[in-house]
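Scroll down for the structure; my scribbles are underneath it.
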Amino acid sequence: MKIAVRYLSKSGNTKKIAEIIATAVGVTALPISDGLNDSVDLLFLGGALYAFGIDDELKEFIKKLQHEQVKGVVVFSTTAVVKSAYPHIKKALAERGIATLGKEFHCRGQFSITHKNRPNEQDCESAREFAKQFVK
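Using the working numbering, you'd call the opening residue of the sequence shown number 83 and step up by one each time.
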């Protein structure tokens, strides 16, 4: 199975989770600015909500994806205020005809003084276990 991990992270929270997931599935996490040049069976795609929506850079990355290029996407996110970026990312992917696998990983991310020291070790272990279920 060919797997890729891509993420958008402004604060480092989502990058931290992306790297945990990538290590768990045996690949390298790359920022979305690196694009996705190959076809993959599974794409772990990470982002966050900024002002209650996904960042324009993440929207552009998704717009460039071809449904023939990606068989399925697993979404992961970190947020400080709202519950998850999953509905926003799922909707953008669906508009491209790209399926999400219906499971997501989400944890709190530190923002200023909110959710200090998150993602923490428990969050990282949960992300690791979450990712491993896709490569059994």
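The C-beta atom is built at its ideal place from N, Cα and C for all residues, glycine as well.
What is the residue span of the alpha helix (DSSP H) that residue i lies within?
i	result
residue 100	95–107
residue 140	138–146
residue 212	203–214
Taking all protein chains shown into account, decide if residue i is buried (16 or more other Cβ within 10 angstroms of its Cβ) or exposed.
i	result
residue 138	exposed
residue 110	exposed
residue 166	buried
residue 176	exposed
Have a look at residue i and residue j and give me their C-alpha separation to the nearest angstrom.
i	j	result
residue 202	residue 155	25 angstroms
residue 150	residue 121	8 angstroms
residue 209	residue 95	12 angstroms
residue 174	residue 114	15 angstroms
residue 103	residue 206	9 angstroms
residue 169	residue 160	13 angstroms
residue 108	residue 83	11 angstroms
Could you tell me the boundaries of the beta strand (DSSP E) in which residue i lies?
i	result
residue 91	Looking at the DSSP string, residue 91 is not in any beta strand (DSSP E), and its letter there is neither H nor E.
residue 169	Residue 169 -> not in any beta strand (DSSP E); alpha helix (DSSP H) instead, spanning 168–176.
residue 113	111–113
Identify every residue that forms a DSSP beta bridge with residue i.
i	result
residue 152	122
residue 183	Residue 183 is not bridged to any residue.
residue 86	125
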